[in-house]
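Structure first, then comments.
There are 2 protein chains.
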Amino acid sequence: VPDADPRRAVAPIRWDGRRLRVLDQTRLPDAETWLELTGADDTAAAIRRLAVRGAPNIGIAAAYGLALEVTAQPGLGALERGAETLRAARPTAVNLAWAVDRVVAAGLAASPATLASTCRATAQQIQAEEDAAAAAIAGHGRELLDGARRVLTHCNAGALACGGAGTALAVALALPDVEVLACETRPLLQGARLTAWELDRLGVPFHVLADGAAAGLMRRGEVDAVVVGCDRVAANGDVANKVGTYAHALAARAAGIPFVVAGPTSTIDLATPAGDDIVIEERDGREVSERWPARNPAFDITPAGLVTALVTERGTASPVTPDAVAALAAP
Amino acid sequence: VPDADPRRAVAPIRWDGRRLRVLDQTRLPDAETWLELTGADDTAAAIRRLAVRGAPNIGIAAAYGLALEVTAQPGLGALERGAETLRAARPTAVNLAWAVDRVVAAGLAASPATLASTCRATAQQIQAEEDAAAAAIAGHGRELLDGARRVLTHCNAGALACGGAGTALAVALALPDVEVLACETRPLLQGARLTAWELDRLGVPFHVLADGAAAGLMRRGEVDAVVVGCDRVAANGDVANKVGTYAHALAARAAGIPFVVAGPTSTIDLATPAGDDIVIEERDGREVSERWPARNPAFDITPAGLVTALVTERGTASPVTPDAVAALAAP
Chain A
1 VPDADPRRAV APIRWDGRRL RVLDQTRLPD AETWLELTGA DDTAAAIRRL
51 AVRGAPNIGI AAAYGLALEV TAQPGLGALE RGAETLRAAR PTAVNLAWAV
101 DRVVAAGLAA SPATLASTCR ATAQQIQAEE DAAAAAIAGH GRELLDGARR
151 VLTHCNAGAL ACGGAGTALA VALALPDVEV LACETRPLLQ GARLTAWELD
201 RLGVPFHVLA DGAAAGLMRR GEVDAVVVGC DRVAANGDVA NKVGTYAHAL
251 AARAAGIPFV VAGPTSTIDL ATPAGDDIVI EERDGREVSE RWPARNPAFD
301 ITPAGLVTAL VTERGTASPV TPDAVAALAA P
Chain B
1001 VPDADPRRAV APIRWDGRRL RVLDQTRLPD AETWLELTGA DDTAAAIRRL
1051 AVRGAPNIGI AAAYGLALEV TAQPGLGALE RGAETLRAAR PTAVNLAWAV
1101 DRVVAAGLAA SPATLASTCR ATAQQIQAEE DAAAAAIAGH GRELLDGARR
1151 VLTHCNAGAL ACGGAGTALA VALALPDVEV LACETRPLLQ GARLTAWELD
1201 RLGVPFHVLA DGAAAGLMRR GEVDAVVVGC DRVAANGDVA NKVGTYAHAL
1251 AARAAGIPFV VAGPTSTIDL ATPAGDDIVI EERDGREVSE RWPARNPAFD
1301 ITPAGLVTAL VTERGTASPV TPDAVAALAA P
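From first to last, the protein sequence lines are chains A and B.
Reminder that position 272 of the first sequence reads as 272 in the working numbering, one-by-one numbering, no gaps.
Reminder that position 243 of the second sequence reads as 1243 in the working numbering, one-by-one numbering, no gaps.
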């Protein structure tokens, strides 16, 4: 796959017009294993077990998975059944339902003869749009954070999660002389496994740190800005993102540094009024501890009032008000 | 060792009048291994590698280690050299220097014939005082948090860290029908390894959770109070405690729930004006990641303004002002 963007560590979702291959993120950084996905069931399974992850990439993979489903089994029945399977794979990210619904709508509008090719073309268009969105987000974020050099991020909102070079990580990578502080992101260590792997591949200076160490470093003046991705943005600007994000937002506010959320407008969900209306996926406690009973919410909510700016491909909302969010998400 | 306190999970520092045995906390919860310590060098090494940990217990073990040093090698030279070795074992906890200085002062005041026995008696007295302090702290904390049931704690401030049944954990255990949320406490997992082990042994209901999940649970109204221990309290009431504590304090303030610090007055250091004057130990980055460069501050500072109450064996400071702290620490 040719890749013109020098800031993209890897292109993890690869479509050659016929076959869909994805990088198995559960094996990183120890092994680079590629999976071939062939339809709705195996794509949904890959999403559930986090082989494919990151809100934008979940949407892209689901769109291709559904297109392959109707390629193998042409007809509206397969389209509807496949869509249902894929929508149910994970509850929190809105891009998943958004991408699936878009493929379904395109399929329903096509003739039986062009159903499968229309779905494939729609999936490709979604991917191309997410790539373009990521590049635009990086540009807007760079303007916003001009002069910031020590950037803290959480989880992985890089090429492994999003189109192009990513959202939050692409913003950091767009800053001159950046040094990244990558929170390890317990329990699944997406920061220490995935963000660190991308930064190492790109040769960008970084340190990993325990999630709990972030607030103290901000208080000591060792961080210029925090930039994170988002899994869903409610109509009032509240942000659902990987568990641990909210504490970083509180610490950034206390330290007087910007807390920036970066994501494509496909993550904005105007149908959800506020963060408290977002379903927070509670995952298996064994991801936290094999030995003891454990709580394991996968996400948390950061209230809009703590978000300095929401950066999307269409521009930046700052402050993050319901009107500003609605303007970004308008069709 | 007879143990009258039903809320004490274990007595980890055992002195039979002649021999000192300590539970090796680096092996928990997988194995209960006891180490015999014989003097200043091996006690300092056990403290450095965290086989003995928790500010009060570090002080108790150091006192016994120094007493054994002058028992084996009677004389003021051994007393001074042993004291120097032990004081240097870890920089952040103030109890260590406090306990060592107290044994030295008692030894200097004794006759050559009673030097060793005086040092041993002083170590026993320090341990007895820490046991009594822990019981008093539990009583004061119970009054303060009357009605709280869902208590979140960080790291381990239980019997494994302190005299008696502990400080912060003893406060939680004193509350009727308590359910404990034990933050796992990366990078060394003292919460998931040690606090969970104590609670399991005691049959108290608990869940472990990723440190980053705490703030979101507080925001969702699932926590009644946060109670933590402390490694050092500055004269202005700022608190040094295990890294990750400060973020919990910010989240508790945002959620409108009490954030309580529990510790014996031996952790108050009037010679240190404020939290920013406390040396924060930066430990080996390999504790965080074997693969990547890592930051690893072992502690952070919670400003006094975020602490609802400081609970000591002599009573409670609330609000935590310089005058209230000075009154608690007065000789």
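The beta carbon of each residue, even a glycine, is placed where N, CA and C say it ideally should be.
Interface with chain B (8 Å Cβ-Cβ cutoff): Leu-209(A) is included.
In the three-state reduction of the DSSP assignment, Ile-301(A) falls in the strand class, which pools E and B.
Chain A has a Cβ within less than 8 Å of the Cβ of Arg-1186(B). Sequence-distant Cβ neighbours of Val-226(A) in its own chain, meaning closer than 6 Å and more than five residues away, are Leu-152, His-248, Ala-252, Phe-259.
Against Pro-1029(B), the close residues of chain A are Arg-291, in the order they occur along the chain (beta-carbon pairs closer than 8 Å). Our two residues, Ala-123(A) and Trp-34(A), have alpha carbons roughly 20 Å apart in a direct line.
In the displayed model, Ile-1268(B) falls within a strand according to three-state DSSP.
In the pairwise beta carbon analysis, the stretch 1264-1275 of chain B is classified as not touching the stretch 1201-1220 of chain B: fewer than three pairs are separated by under 8 Å. In this model, Val-1233(B) and Gly-164(A) are separated by some 48 Å (Cα to Cα). Separation of Val-1022(B) and Pro-322(A) (C-alpha to C-alpha, rounded to the nearest whole angstrom) is 59 Å. In this structure, the CA atom of Arg-295(A) is about 5 Å from the CA atom of Leu-1209(B).
Here Leu-37(A) is buried. Its C-beta has 16 or more other C-beta atoms within 10 Å.
At a cut-off of 8 Å between C-beta atoms, Gly-1212(B) counts as an interface residue with respect to chain A. Taking the C-beta atoms as reference points, Gln-1025(B) is found no nearer than 8 Å to Arg-1048(B). Looking only at Asp-277(A), Ile-278(A), Val-279(A), Pro-297(A), the smallest Cα-Cα distance to Arg-286(A) is reached by Pro-297(A). Judged by DSSP secondary structure, His-1140(B) falls outside any beta strand (DSSP E) and instead within the alpha helix (DSSP H) spanning 1115-1144.
Comparing alpha-carbon positions, the option among Ala-174(A), Val-228(A), Ile-137(A) lying closest to Asp-146(A) turns out to be Ala-174(A). Taking the beta carbon of Ala-192(A) as reference, the chain B residues within 9 Å of it are Val-1288, Ser-1289, Arg-1291, Trp-1292, Ala-1294, listed in sequence order.
Using a Cβ distance threshold of 8 Å, Ala-1133(B) and Ala-1089(B) do not count as a contacting pair. Per the coordinates, the alpha-carbon of Asp-300(A) lies some 7 Å from the alpha-carbon of Gly-244(A). In the structure shown, His-207(A) adopts extended strand secondary structure according to DSSP, grouped into three states. One Cα belongs to Leu-217(A), the other to Val-223(A), and the distance between them is close to 7 Å.
If you draw a straight line from the Cα of Ile-278(A) to the Cα of Cys-1155(B), it is about 30 Å long.
Out of Ala-213(A), Leu-160(A), Glu-290(A), the CA that lies nearest to the CA of Arg-1283(B) is found in Ala-213(A). Rounded to the nearest whole angstrom, the C-alpha separation of Asp-211(A) and Pro-1187(B) is 9 Å.
For Asp-1300(B), the C-beta contacts it makes with chain A under 9 Å involve Gly-212, Ala-213, Ala-215, Gly-216, Leu-217, Arg-219, Arg-220, in order along the chain. Within the stretch 218-244 of chain A, complete alpha helix (DSSP H) segments of at least 4 residues are not found at all. Remark: fewer than three beta-carbon pairs, one from each stretch, lie closer than 8 Å, so the stretch 1137-1144 of chain B and the stretch 1111-1127 of chain B are not flagged as touching. Per the coordinates, the alpha-carbon of Ser-1289(B) lies some 31 Å from the alpha-carbon of Ala-1040(B). Per DSSP, Val-1104(B) has no beta bridge partner at all.
One Cα belongs to Asp-42(A), the other to Arg-1007(B), and the distance between them is close to 51 Å. One finds Ala-210, Gly-212, Ala-213, Gly-216 in chain A with Cβ atoms closer than 8 Å to the Cβ of Val-1243(B), taken in chain order. Of the other Cβ atoms in all chains shown, 16 or more fall within 10 Å of the Cβ of Gly-1065(B); this residue is therefore buried.
From the beta-carbon of Pro-297(A), the residues of chain B found nearer than 8 Å are Ala-1213, Gly-1216, Leu-1217.
Rounded to whole angstroms, Gly-1229(B) and Gly-305(A) show a C-alpha spacing of 31 Å.
Not flagged as an interface residue toward chain B: Asp-231(A), since no C-beta distance is shorter than 8 Å.
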